[in-house]
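Residue numbers (the working numbering), protein chains in the order written: chain E, 24 to 273; chain P, 7 to 819; chain G, 9 to 339; chain U, 57 to 251. Accompanying notes for the structure given below.
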Amino acid sequence: MEIIRYRRDVWGQEVILGVSWDLLWLVAVTAFLLLAAHAIFMAALAKKKAMPSAEGKRVRRHEGIDRAFHWIMAGSVLVLIFTGIAPIIGLRISWLNIHWIAGLILSFVCIFHTIRALFWQDFKSMLLGPADFKEPFDDTIKPGKYSFEQKGMHWAMTVLVVAVIATGITLFLHIDSPWWDRPSVENEATLGIFFLLHGISTLGLIAFTAIHIYFAVRPEKRFYTRSMVKGWISEDELNTNHDTDKWKPE
Amino acid sequence: MTYMHIGKDFTPPDVEGKVTGAARYAEDFKKDGMVFARMLTSPIPAGRVVSIDASAALAMPGVVGIFTADDLPPSAPPANPALAKEYVTYIGQPILAIAAESDLIAEEALAKVVVEYQRRPFVVDPLDTLTEGGPDPYPMGNTLIRNTGEAAAGTTASGTDVGRIKWSIDQVTAFRNGREPAGAQFGSEWEYGDVAARFAECTTVIEEPFVTIGQPHHSLESRTSMAYWENGKCYFHGSLQSHTVGHDVLAGMLEIDPANLVFINENTGGGFGSKIFPYPNMAITGRFARQLNRPVQLRITRAEEFFIGSARSGMQGWIKIGLKDTGRVGAVDVIIVNDAGSGGGGSGSSSAEHVSIMFQPEAMRFRGVSMYTNTTPRGAQRGPGQNEMAAVLAPMMDKAANMAGLDRVAFRRINAPRADGKIGERQGGLSSSYMPESIDKAAQMFNWQEKIAKPRQVSATKVRGIGVGQGFHTAGSNGYDGLIRIAPDGTIYLHTGVGNLGTYSYAGITRAAAEALQCNWDNCVIVHGNEALNLPHSTYQGGSNTMFTETRSSHVAALDIIEKMKEIAMAEFGGAIEDYSIGGERVFLTSDSSKGMSYGEAAQKAIEMGGKYSGMEYPDNIHRTTQRSVQAMQGTGLIGVAKDMLPRDGAVPGMAIAFVEIELDTETGKFDILDYSAVAECGTVVHPQGLSQAMNGGGVWGFGMAAYERHVYDPQNGLPANVGLYQSKPPTYLDVPVTMNTAGMDLPDPQSPVGAKGIGEPAQGCAVAALMSAFTDALDGHLFNRTPVTADMIVNHIAQNGHNTGNLKTNTF
Amino acid sequence: MSSHDVMPEMSLYQPVRVEDAIGIANQFADRGWLVGGGQDTYGWLKDRAKSADALIDLKGIESMRGIKETADGIEIGALVTLTELSNNPLIKERYSLLAQAAGKVASPQIRNVGTIAGNVSQDVRCWYYRRGLNCYRAGGNLCYADTPEGMNREHAIFNASRCVAVTPSDTGPALVALEAQMVIDSASGQRVVSAEDFFVGPNVDITHTTVLGSGDILTAVRIPAKWANAQFYFEKVADRNAWDFALVSLSAAMRVNNGVIEESRIVAGAVQATPRRLTSVEQAVRGKARDEATANSVATLASRDANPLNYNHFKMPLMDNLVKRALRGQA
Amino acid sequence: MNQKLTRRRFIKGVIASGVAATTTSLWYSATGADRPAGAVERLLSINVNGQVRRVDVAPQETLAHTLRYKLGLTGTKLGCNRGECGACTVVADDVNIYACSTLTHEVKDKAVVTVEGLRAADGTLHPVQAAFVAELSPACGFCTAGQVMSAFALLKSNPRPTREEARQAMSGNLCRCGAYDHYLNGVMRASGQLS
């Protein structure tokens, strides 16, 4: 199995073409196996906890605008992944325009989210500190607004999305668009590195998206998904999963 | 003058072999133990070879050896090396050769050679390197500097260096925009007459920019060669236009005594200027064969033929032409920047020479510079300089004539060179000129007066174009050797070292000897093509010069053998030499024809008499090649051998004039040539079919240059697009007229014993000029100022689309 | 750049049945190469620009030969040569458009062995791609032709998507105009695809020009009776009149009744990666007379929305002119 | 690296991972370890110029190569080896083809005629050859064999072509010297329309 694909540049020198799509298969299988193992573990072995009730007083967890952001982002990431993978797995669709349009949407909403998170939201609630690392190993520690896993997922996604966007925009600059014509490629080796980084970050994004979706549909986490749709969690859910000293919802 | 042979058709001896497949070309020769060598070519446009690792290739079964630049004597730029190392200067430049038991193994082995290159900046547009701060194609510069002497046309000789010439951005910008680049530096310039004063007298003055594109030769036979060594001698099967004139050069390339080289070249599949002299890669074949001690065939593929097979130098220029109210061209000022590719050179001065002879301007100035680029090496191609100038000049001269209210043909006739015409910088004289007569003859053939009066619009979408153009090339030299042997059986062996490049001139020139000998052609045998058959030192085949030059050496050899026969007869029958005549292949006393002997009997006597008669003695002034040939034939018959010492003065102008009528489709830009009529001013016509061949073939070349053939380089990567034939677009059957109408003026040049001049190059020049002239005529006087003019440009012009046509360059299209 | 020109070592199969050919093709997958006339095969291999482990020569398959009448039109075997096509009385009589297009391909020798299937399946002629550069179409990540200085006179003016190569086929546009159906056999059976859908552009599949995948064999081309004896127009404009590829070609089929165009299919070649149907023109001329006025009324409609590159602007007026000629009814 | 191969392997890989038992098929095509039976044999009998010749021919070998290097028939020239020039034109079953772009195995059931096969047994030139000599049709001669063969094929199917028909039929034969007019004269003469 190869990891990086190479090609010859215009003058016959070997340069990087991009990531090997063998890895896509590897990522798909690995993610599937890990998640399946987790599901089996949870179903068969893990201690069953009582599910907190969704009834009762509702606590606002996500503003409408943030939910909208999340779903636009989710949608554009899924579209990006689908349109990016389609030609690789041999699906014949006219993918490129959809891909870069989705990429632009993703870029804009991410900029929006960053600005909003920095100035209007409780940015600290998402910060991952040394203390957070104890959380998974100690049942007595409850998180604030976001759990260790959620913060981890968020920051992993942040890194991957930023990487995908940064490399993607670089590649976007190398194709014809409504705003510019394709430029000459000064250095094909550099272009290859951007393709490689775009590919690697895509693979990471696919893996984490799979994990994210998996947890989003898991029974014990489903109320978070609901909160991302409807905005609230129940007080019971709040008290069971969060430390209200750390997170004081309005 | 009535001739026995001159002016009569005959069948050259090689024709039958060509139609039966028996004719052999270099690649057709096999030898026991022969190995197949193939070359690795550069993937980069500029740089150097850092290292070569051929270990994997050499380890392959069937691979017998490698040959690199280190196996050759060192060469320095701008010499075009057979294999590059320190200076890689174009994509496709050979780097090394590998020999193997089969072609396939050699190719597979090449793929396993790892070459590490270091890249350098490169340039494909001569004006880019000419610009201050622009990249140079060689690390040390961008143009050829001559230290001593002149290099032969299309070759690089020792005594040259790479230097640097730069123009300011303003100068280049002015030039790109069709203006004179004030104060610019040039590599060469000349001037005669008072240009400024003559311009002041002119009533019509035009200034135009122009560009002509490079054009690969793409000879159909690539320069494959085969060599083997036996008893210290190298037997070399190659493909040259010329033959024995290349002998010493090739021996030099192999660093051997010329006596140890046997160069065999029975047929040559086209050269068009690219195979006049031995070319660099012949050194590989001979040396590799010596190194491996096995026969080596170095096969050159079509792509490689593009790379190393030479190309015409494109030129970009500016010209100012002034006409007096008499219709005479008063003054011409021309600037030419040539694209010399990665080696060779441009022919700007020759281009200017075309103007000087065809229009006899009273004063003229030429300034030129030849810039190297990282594109294929350039060399002579059919009328180098003259023909591309003819192409762009014709429509401009039409414009000037029209502005001055002159008929285009009358204008050309007024300015045409007469016998007292002058040429070039030194304003030297001409050996002869019947150009006005030729113009009249061709105009009559074409029916100019009637055609020019026809309406231009043929239908809603078709327009007519009537064009006229002229071609010129100096067409003769002197000083080579003639060699004839008559065997005791009476067979007359006409030896010639003229190459067989497809014009049949090698055969045509021997007719001059047969004519002098007044012999039956059936008793003559032409000996040529194989140095083992004892050939004399003959002229090179290029520049239309063979017919003039070699009819002279044939003639002097015939005179020598006639004189010897008379002396032999004298020894038998007494009397003085003036008392003898020849006729019916006998030499006899004029007063009593019964006292004489047949040529065969004379040959038998010659063997008995020895001395100069049987070649035991020979003149000192003949070339070493001829001397060796005579030595080898000593005692086998009567030998006539002489060097051409006949008087010669002035340039020998081969000229031609052509008329073209086209119908141009204004919706597709495509055109049909309805009439092509051309007349050659080539002195006496020696071989009418051969002349027709030359004129027709030249016509096809002219149409190719005017409308089809091209060089296409990608400027951002230095990549050539037209390595194959279909991308270079030589004309096919369907791109030329269904019939062509050509003739010779058939008036003798006084400096050739049979009155002959050459015509190979002007045959193209007149055609390209006439077709270019017809385009302009069809399009209401629009000047494209370039070759080729292709369908897209015509469509763009008619659609008033500014694209494509404005940006003139020599290597991009 | 390499200067290879000897055929590389590989094996050769000469099956006589379609099933066998499919079987072999499937076993070799992308390392097998189907050969009809081979005229767009050997150059790739000699250049080492593409490679294969095995050639699968289909010429021995009798069932893929011949031109026969069917209930609805005719069926042309995939192995029918372009010479056969241009000389066939049935095609000359009913579908002269196709006969003309086939007769303009390359050269007599190529038409003598080149097949209809090969002509529609041939790869693009972009010179950057042909010289073996690893561009988008070759699976790479850039295009050398569509750049500020790229030499792209022969390239696309429509629907480029990263790759700007054009379809080189002369018969392809004619088949699209005639609403031909392409019969494709594979291990999973037979499928029939319209000519229009047979060709794919780089937006959908940048490394292929047709829907044919590995193990697919184009076995026949069916031409429906619908366009038999319609009025046709074909013209190919190329640099050279022999052995050249179209700068622009035009294939038009028109159903004309009492001088009025009832229905038409007008298709341009060499303006994009696939034959381009000029539907806007087809709609504009519906119900109009086939004459000069109609031709002028659609003057620049065909080239509207074109996106020319550095050197191919001429294709716009050229294409418009050919459309006018087709509609005008004479050259 | 062939990108298509990678992609294909990926698809196969996805399938394989789902159905573990078929995983080996992943490498099946790529390694080529198991070639289908029925590849052509090297030893071949071909009919050239009326003689059946037994030759060892590689599967991928072109007819031009076999003729020139195995059968010694060097009259057939290689001008471009890409089917662009016509110098290698030979006639197979009365049809002119480019020998450089034909595999020898493709003509195993055909009668191949090369320029060497036109002369009569008594050495008389074929009418095309004689006409080409009379009209001085060849120039450098490198394309001549191909021109002869195309003219030969033309006159078989059309014994009295018009000049225009001849021009069309010969259009796959490039003549770099530009001797087209002379060749056409030759064709017209060979068909008895010019004397």
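The C-beta atom is built at its ideal place from N, Cα and C for all residues, glycine as well. Predicted model only: the values in this text are computed from it and were never measured.
Annotation for residue 238 of chain U: the continuous alpha helix (DSSP H) segment containing it runs 236–246. By the CB criterion at 7 Å, residue 65 of chain G and residue 22 of chain G fall inside the cutoff. With a 10 Å radius around the Cβ and a threshold of 16 neighbouring Cβ atoms, residue 223 of chain U comes out buried.
Under the three-state reduction of DSSP output, residue 168 of chain P falls in the strand class. Leaving aside the five residues that flank residue 232 of chain G on each side, the residues in its chain whose CB is nearer than 8 Å to its CB run, in chain order, 80, 81, 186, 187, 188 and 189. Closer than 7 Å to the CB of residue 248 of chain G there is at least one CB belonging to chain P. One alpha carbon belongs to residue 334 of chain P, the other to residue 251 of chain G, and they sit about 45 Å apart. The criterion of a C-beta distance shorter than 7 Å is not satisfied by residue 301 of chain P and residue 378 of chain P. With fewer than 16 neighbouring CB atoms inside 10 Å of its own CB, residue 65 of chain P falls in the exposed class. Remark: C-beta atoms of residue 761 of chain P and residue 689 of chain P approach each other more closely than 7 Å. Where residue 240 of chain G is concerned, there is no enclosing alpha helix (DSSP H), although the beta strand (DSSP E) around it starts and stops at 239–246. When C-alpha distances from residue 373 of chain P are compared across P/384, P/357, P/387 and P/752, the shortest belongs to P/357. Listed along the chain, the chain E residues whose CB falls inside 7 Å of the CB of residue 152 of chain G are 33. For residue 259 of chain E, the enclosing alpha helix (DSSP H) starts and ends at 258–264. For residue 26 of chain P, the secondary structure class from DSSP, reduced to helix, strand or coil, is helix. For residue 16 of chain G, the closest Cβ of chain E is not nearer than 7 Å. For a Cβ distance threshold of 7 Å, residue set 194, 197 and 200 of chain U lies close to residue 24 of chain P, ordered along the chain. Assignment of beta-bridge partners to residue 44 of chain P by DSSP yields P/104.
Comparing C-alpha distances from residue 781 of chain P to each of P/325, P/399 and P/215 shows the shortest one belongs to P/399. Excluding five sequence positions before and after residue 109 of chain P, the CB atoms of its chain that fall closer than 8 Å to its own CB belong to 42, 44 and 305, given in chain order.
Secondary structure note for residue 802 of chain P: its alpha helix (DSSP H) is the uninterrupted segment 797–804. In this structure, the straight-line span from the alpha carbon of residue 35 of chain P to that of residue 96 of chain G is close to 44 Å. Against chain G, the CB of residue 92 of chain U has a partner CB under 7 Å away; the residue lies at that interface. Among the residues facing chain U, residue 34 of chain P is included, as its CB has a counterpart in that chain under 7 Å away. For residue 170 of chain E, no Cβ of chain P is located within less than 7 Å of the residue's own Cβ. Look at the beta carbons and you see the stretch 254–268 of chain G not touching the stretch 115–132 of chain G: under three pairs across the two are nearer than 8 Å. Bridge partners of residue 210 of chain E according to DSSP: none are assigned.
Cβ-Cβ separation between residue 100 of chain U and residue 111 of chain U: approximately 6 Å, consistent with a contact (criterion under 8 Å). Interface annotation, residue 220 of chain G: not in contact with chain U, CB-CB separation never under 7 Å. Judged by beta-carbon spacing, residue 397 of chain P lies within the 7 Å limit of residue 774 of chain P, meaning their Cβ atoms are closer than that value. Around the beta carbon of residue 63 of chain P, a 10 Å sphere encloses 16 or more other beta carbons of the protein chains shown; the residue is thus reported as buried. According to the DSSP assignment, residue 170 of chain E belongs to no beta strand (DSSP E), since it is labelled neither H nor E. Between the alpha carbons of residue 491 of chain P and residue 28 of chain P lies a distance of about 26 Å. Excluding residues up to 5 positions away in sequence, 52, 95, 128, 129, 135, 348, 378, 379 and 380 lie with their Cβ nearer than 7 Å to the Cβ of residue 143 of chain P in the same chain.
Remark: C-beta atoms of residue 242 of chain G and residue 90 of chain G do not approach each other more closely than 7 Å. By alpha-carbon distance to residue 314 of chain G, the top candidate from G/167, G/162 and G/99 is G/167.
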